[in-house]
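Written below as structure tokens is the structure these notes are about.
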Amino acid sequence: MSDDGDSDQFNGRMGLIFASIGAAIGTGNIWRFPRMVGANGGGTFLVPWLFFLFIWSIPLVIAEYAMGKRSRTGTIGTFRIFAGKKFAWMGLWTAWISTAIGFYYAVVSGWTIKYFQLGISGALNGEGVDTTEVWNAFLQNPGQVIFFQFLVIVLTLAAIWKGAKAIEKVNFYLMISLFALLFLTLFLSLWMDFSDGTLDGALFMFTVDFDMLFEPEVWINGLSQSAWSCSAGMGMCITYAVYMSKDEDTVLNAFTMGLANNSISIIAGLAVLSAIFAVNPDPLATVTGGSSAITFLALPEVFAQAPFAPIGPLFMMAGFFLALSFAAMTSMISTVELCVRNFVDHGYERGKSVALTGVALFMFGLPSAVMWVKLDGNGVAFPEFLEVQDHIWGYGLMFSGLFIAFSIWKYGYLRWKSGVEAGVAPPGFKGYLGFGVSAFRDDFINTGDNDMEVGRWWDLLMYLAFPILFAVLMISYFSDMIANTDDVWNPANPRGLGIILMFWGVVAALFIFFNKYLIRRPLYRNIPKGADVDISTLPGGDDELVVALGDTAPGFEHLSKDYVALDAELV
Amino acid sequence: MLNGKVIRTRPSFGVLIVLPLLLSLIAPIANASVNQEEPTGMAPEDVWSDDYINMIFPWASANEAKLQFKEYHTYDTMKSRMLRLAEDNPDIFEFHEGMNGGTNARGEEVTANAYEGWYYGHASPWMKITADVQDGDYNPFVGDNGNYPERHDVMIVGNHHAREWMSYTVPMMQLEVIAFSYDNIGYDNDGDGEIDEDPWGDANGDGALDDDGDCLGLNASFQDSNGDGTPCGPGDLGVDEDYSEQWITDLVNSREIYLIPMLNTDGNIYDRTVYMPGQCPDEEAWDCSAAGWRKNLRDNTVTGVTPVPDLDESVDEGCDGVDLNRNYQFEWGAPLGATGPLFPGACYAGQNNDVYNGPVDTVDQDNDGRLNEDHVDGKDDDADGLTDEDWLGGNSEPETKFIQDLTEMNDDTGDGSSEFKATITHHSYSELILYPWGHCTDCESPDHEQLKYHGQQMADMTQYANLQSSDLYPTSGDFCDWHYGVHGSYCYTSEIGTAFHQQQEDIDHIAVRNLGTGFYIAEIADNPRELADLAIANISQQNYLKELDESDIPSEGDIPIDICVSNEFPYSESNSMIKWRMVKPSRLQSDFGPREWATTSWESVDLMAVDDGCSVSNGNGTILRGMIPVSETATGKLHYKASVSTLSGSDLYQYPADGDYLVLDLTYRAAYGSLFGSMFMFALTAGFVWGGLAVCLRMMLSDDEVIDLTAPEEGA
């Protein structure tokens with residue numbers, strides 16, 4: 320242990336940044352982003368996508384960092400402190416959504432490693448390779464899928480076993496390698512695309528079609544891409560903020576992370592689109608058509624035509640899928656860490672927490688790996704159970720963001736009310752606007768540590784833009800589903816709305832019920848030495864069970880490092 | 002593995018007993034195959050679906066023998082099936098029995114019961130078939146909706162003669178096929194995975210009916226599935242088995258088909274329920290040597306002077322009935338192949354009674370005091386300026402009145418002439434296609450060559466003999482002489498099969514063999530004379546739709562589709578068009594066929610002659626061009642086909658033929674972006690994202706010591 324006492328910290332700012340970027344950059348940047356660009360009019364898509372980076376993603380990440388940096392606990396603790404005892408379940412929801420996504424994300428990450436293996440062995444670029452056959456053969460072989468899922472989990476656990484410092488290091492190497500690999504792919508892609516004298520892919524990706532710019536769909540897609548690809552609202556940044564050193568700038572970190580995430584998206588998008596436009600007679604149909612499985616079907620065909628054969632295609636194939644698997648692995652790490660952090664906060668030993676999370680990930684991921692692997696109308700295999708999981712939990716993420724905003728709203732209101740009572744805040748709605756709305760920003764963001772002062776724009780976004788955009792996203796998603804799905808309310812329909820609402824309802828009800836057990840447990844905060852992390856003004860600030868790591872909670876003297884009980888109700 | 006072994010070592014008791022039995026059954030086959038040469042060619046089950054091999058038709062379940070054409074319909078089952086089909090397909094079928102009546106074309110007041118059979122009292126059931134049959138004009142006399150002036154009318158009549166059971170079976174199968182095929186584009190009839198690959202006739206011109214070669218590819222022992230001695234002939238499995246549903250749909254959309262499967266309901270019921278059981282009480286009709294009942298059930302004995310009064314009004318088989326196919330008015334009463342009454346009101350009870358043509362007319366139609374002075378032959382016999390105004394006889398029966406009034410009162414265009422330009426009447430048997438004239442020998446009609454041409458087309462698809470009717474034997478007063486002689490309709494008599502009461506197991510394949518003729522008649526109903534003229538002169542065959550490839554696609558603007566028509570071809574720009582649609586298969590759907598795209602509707606663009614010429618195989622041609630308005634950003638597959646009409650109203654010259662279409666792969670034609678726009682956007686994006694990132698990192702590094710993450714961790 321270092322001289323931070325019992326707390327677990329990143330070595331420095333870059334460590335946090337790399338870890339956060341690793342969390343933010345996932346497969347979404349590399350396979351979803353190019354698809355969205357293709358489907359939404361090329362450069363046209365970049366406008367809403369950039370717009371919402373600043374309107375949605377970065378402000379939310381700022382909030383997450385600020386909350387985590389102050390609470391010094393994972394998501395459950397953060398909500399217990401920031402939203403109050405009664406709302407600890409919101410943190411449980413946030414943790415659950417992330418973990419539930421992790422169940423099948425490990426499977427998907429396994430696919431990327433498998434494809435790296437296929438790429439490097441040359442199995443994807445031989446004469447007469449039918450990529451659909453390769454894909455089907457892999458997906459329909461449960462042993463293979465489970466093996467690579469298992470591999471991902473083992474690698475992830477190995478990376479986070481030792482805590483913040485190891486996470487920092489692994490992310491650093493993986494991210495640097497990811498950059499290098501993506502640049503290699505980009506170079507080869509541009510080479511391919513330029514072989515006919517034009518850079519069609521780049522041209523397409525940066526040309527704005529002003530007619531399409533007024534299509535609401537483009538904006539909704541831009542918002543959802545921005546919301547997902549940054550992991551804003553997922554609780555990742557709350558978790559990693561726990562390991563921040565005491566005087567770090569949350570705002571600068573948020574901007575760095577958001578911009579880095581989008582930088583990678585641009586590079587990946589350029590690489591993928593250039594390659595496809597270089598060799599495909601109908602590139603738009605390829606990038607827009609079908610599901611994410613297209614990555615595994617269309618791209619190998621495209622990469623097989625890379626220059627400098629046989630080395631070029633091999634490099635491109637292996638490089639791309641290695642980059643993809645790195646992106647997936649770093650996101651996997653943050654997912655597991657988010658879960659583990661919550662256990663550690665509640666007094667569990669880190670090693671046991673990691674092991675427990677790993678076993679759960681593997682067990683609950685198994686159905687996604689092997690169940691309901693079907694053939695679609697085109698003879699392409701797809702894992703229906705996995706897609707149903709994604710269907711259910713994908714949008715649950717949005718609520719995590721809403722809960723964060725709720726905490727901010729609540730804090731502002733309470734601060735203004737107590738301010739009025741103490742006579743320091745003006746009463747009335749005007750007073751609320753002046754004192755309450757800015758309270759969170761004043762108390763937790765502009766703490767004096769930051770190089771960048773956050774202005775009133777952030778309040779405006781959190782109080783006004785966020786709820787509107789949240790409503791737009793949910794309404795457009797639901798109404799689209801209601802309009803286009805048969806039997807949409809039947810909970811037995813895996814593509815319907817009924818199943819989503821049912822799962823959300825059951826999980827939320829369960830968590831709200833568990834809330835009272837949750838808050839009877841002590842919460843240990845990971846406080847670095849000398850940090851000013853006063854929480855007395857917060858709704859959960861008067862909770863005497865919330866103590867610093869290494870301290871003893873009243874009534875829980877028996878809980879020391881030598882005595883850790885695994886409590887079934889939390890699993 | 003282990004389980005499998007356990008099961009194999011313990012076969013059930015039943016299997017043990019049956020096994021030797023099975024082996025003994027296989028033994029002769031095994032012996033036979035040893036003695037034979039190694040068979041070449043496929044077995045049916047290698048090629049087709051089980052249903053197709055067993056002639057289980059897709060419109061009904063396998064156990065519905067009548068709907069599967071394994072048994073004959075009766076009048077009752079036929080009618081209820083027609084009602085059911087009309088109920089299930091209300092957009093294309095309208096069921097009728099007889100007509101309403103009113104004032105007919107010759108000024109007579111007729112009531113609905115004038116069309117009801119003398120004896121059992123049924124009017125002939127019939128089906129009006131056209132798209133949107135509930136819309137269009139209503140005809141108060143006929144009682145049908147769906148009359149469209151621009152749609153050509155077709156009449157298909159079965160069962161003039163009661164005992165000719167295949168003659169109502171074939172139109173019933175046609176009805177089933179229309180109901181099943183309409184808007185069911187790209188159905189794979191034979192389950193071989195291919196679609197519309199073998200339409201009726203020799204579509205690819207290789208001299209064999211089996212266009213796709215699936216029958217010819219079979220082992221020789223399977224090639225004559227109907228056992229008629231002709232391998233891969235019509236009616237054999239795999240021959241003309243997969244016609245185009247699009248083509249049938251096009252026909253239903255552009256024609257009004259009047260399908261009357263059983264004209265002679267009286268006679269048919271009598272033949273089935275009274276006459277044949279009377280002849281062979283213990284045998285089925287098809288096993289009985291008696292020929293059967295032919296005529297309708299006119300009571301000849303009650304009306305006039307007969308030696309013995311017909312007291313009980315029941316059928317007097319020796320005397321009653323009129324041969325409906327001798328009772329039409331054109332050249333009625335000529336002694337050729339028919340029997341007139343010996344004196345008015347009497348029947349001829351002799352040997353030729355079966356072709357009795359009905360009573361002599363007793364009415365002075367023109368009230369000039371002279372009787373029957375101008376009989377129906379298209380000439381002004383009495384030189385009074387009127388033609389055929391006081392006839393000798395004929396048209397005396399409810400059934401023939403029905404046909405005659407339906408023909409003459411179905412005048413959609415209001416020009417006073419019949420709309421039926423093509424008609425067919427099914428009979429049995431003899432395996433013939435007959436065309437007018439019937440009433441004269443060593444004579445030719447004015448349209449002889451053209452009639453012969455279309456007859457030959459139908460004879461080719463059935464492999465029947467194509468004859469002038471009177472070359473078989475002369476007949477007067479038959480359906481086709483009347484239709485052609487009075488109304489100029491191209492009229493054919495098909496003589497189906499080899500028996501009046503065909504064996505039941507032969508129903509299905511004989512019906513299949515004759516299915517194409519009814520559709521052919523519908524196809525040529527627009528303008529049969531011109532179609533024949535242009536085909537005989539080898540003009541219409543010259544036209545072709547140009548097949549485009551990638552290099553023909555202009556880099557911007559509409560895509561021109563050219564059809565090259567012979568300069569001798571009298572094309573009409575106004576009704577000709579290119580039909581097209583854009584479909585977008587995903588990367589993996591490139592093999593999808595018409596069935597998958599049938600829901601994408603066709604759009605059409607006009608054709609215009611352009612100055613460029615083109616060459617056809619026997620001379621020069623004109624290019625008709627249609628411009629397909631697809632945007633430069635559209636990608637996918639462009640389906641296109643041409644429909645050309647002539648100045649004289651032939652409207653169904655389709656290129657390619659048989660409801661098919663050509664496909665052009667269309668790639669993205671527009672520029673993927675503008676150079677300056679994209680450079681500006683790139684600068685903007687890069688400035689925002691990468692510039693912003695650089696600023697952030699700079700700020701971060703300037704006030705933070707850089708920690709070497711690669712250095713080994715201390716104290717870990």
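If you read the protein sequences in the order shown, they are chains W and H. Just so we're aligned: the first sequence equals residues 320 to 890 in the numbering used here. Just so we're aligned: the second sequence equals residues 2 to 717 in the numbering used here. Heads up, the beta-carbon is just placed ideally off N, CA and C, and yes, glycines get one too. No experiment lies behind these values; they were computed from the predicted model shown.
C-alpha gap between residue i and residue j, whole angstroms
i              : j              : result
I711 (chain W) : A642 (chain W) : 28 Å
P48 (chain H)  : E198 (chain H) : In the sequence as presented, Pro is not what sits at residue 48 (chain H); that position holds Val. Roughly 14 Å separates the two Cα atoms.
D448 (chain H) : A536 (chain H) : 14 Å
K402 (chain H) : I554 (chain H) : 59 Å
L702 (chain H) : V584 (chain H) : 55 Å
N301 (chain H) : D321 (chain H) : 5 Å
L516 (chain H) : Y714 (chain W) : 58 Å
Y638 (chain H) : P529 (chain H) : The sequence shown places Lys at residue 638 (chain H), not Tyr. Looking at the two C-alpha atoms, the distance is approximately 35 Å.
K405 (chain W) : P619 (chain W) : 51 Å
H484 (chain H) : G395 (chain H) : 14 Å
P602 (chain W) : G234 (chain H) : 49 Å
F681 (chain H) : S567 (chain H) : 55 Å
D805 (chain W) : P702 (chain W) : 21 Å
A33 (chain H)  : H510 (chain H) : Residue placement at A33 (chain H) is poorly supported in this model, since its pLDDT is 44, which falls under 50; the coordinates still yield a value, given next. Between A33 (chain H) and H510 (chain H), the C-alpha separation is close to 29 Å.
F662 (chain W) : Y384 (chain W) : 20 Å
G720 (chain W) : W777 (chain W) : 15 Å
A688 (chain W) : M717 (chain W) : 25 Å
Any chain W beta carbon closer than 8 Å to residue i
i              : result
S419 (chain H) : no
L665 (chain H) : no
F683 (chain H) : yes
F689 (chain H) : yes
R699 (chain H) : no
G187 (chain H) : no
K422 (chain H) : no
Y485 (chain H) : no
S556 (chain H) : no
G194 (chain H) : no
Residue i, enclosing beta strand (DSSP E) - first and last residue
i              : result
H428 (chain H) : F421 to S429
H455 (chain H) : Not the beta strand (DSSP E): H455 (chain H) falls in the alpha helix (DSSP H), residues H449 to T463.
H97 (chain H)  : F94 to E98
W333 (chain H) : Premise fails: W333 (chain H) is in no beta strand (DSSP E) and is neither H nor E.
I497 (chain H) : Y491 to I497
F627 (chain W) : Premise fails: F627 (chain W) is in no beta strand (DSSP E) and is neither H nor E.
Residue i CB to nearest heavy atom of the ligand GTP below 7 Å
i              : result
V807 (chain W) : You won't find the ligand GTP in this model; it holds no ligand whatsoever.
CB contact check: residue i to chain H, cutoff 8 Å
i              : result
S582 (chain W) : yes
G361 (chain W) : yes
First and last residue of the uninterrupted alpha helix (DSSP H) at residue i
i              : result
Y641 (chain H) : No alpha helix (DSSP H) holds Y641 (chain H); the beta strand (DSSP E) holding it covers G637 to T647.
N834 (chain W) : L816 to L837
- Message: Closer than 8 Å is the cut-off here; do at least three beta carbon pairs connect the segment 518-530 of chain H with the segment 545-554 of chain H?
- Response: The segment 518-530 of chain H makes no contact with the segment 545-554 of chain H, as fewer than three CB pairs between them are under 8 Å.
- Query: Do the segment 631-640 of chain W and the segment 430-446 of chain W make contact, defined as three or more Cβ pairs closer than 8 Å?
  - Reply: The segment 430-446 of chain W and the segment 631-640 of chain W touch, with three or more beta-carbon pairs separated by less than 8 Å.
- Counting pairs of beta carbons, one from the segment 88-103 of chain H and one from the segment 142-152 of chain H, are three or more of them closer than 8 Å? In short, these stretches touch, since the Cβ pair count reaches three.
- Query: What runs of the beta strand (DSSP E), each 3 residues or longer, lie entirely inside the segment 478-545 of chain H?
  - Reply: Counting only runs of 3 or more residues that sit fully inside the segment 478-545 of chain H, the beta strand (DSSP E) segments are 491-497, in chain order.
- Query: Taking contact to mean at least 3 C-beta pairs separated by less than 8 Å, is the segment 577-584 of chain W in contact with the segment 675-694 of chain H?
  - Reply: By the Cβ test, the segment 577-584 of chain W is in contact with the segment 675-694 of chain H, since at least three Cβ pairs between them sit closer than 8 Å.
- Counting pairs of beta carbons, one from the segment 257-265 of chain H and one from the segment 151-168 of chain H, are three or more of them closer than 8 Å? With a cut-off of 8 Å, the segment 151-168 of chain H and the segment 257-265 of chain H count as touching, because enough Cβ pairs lie within range.
- Counting pairs of beta carbons, one from the segment 325-332 of chain H and one from the segment 484-500 of chain H, are three or more of them closer than 8 Å? At 8 Å Cβ cutoff, the stretches touch.
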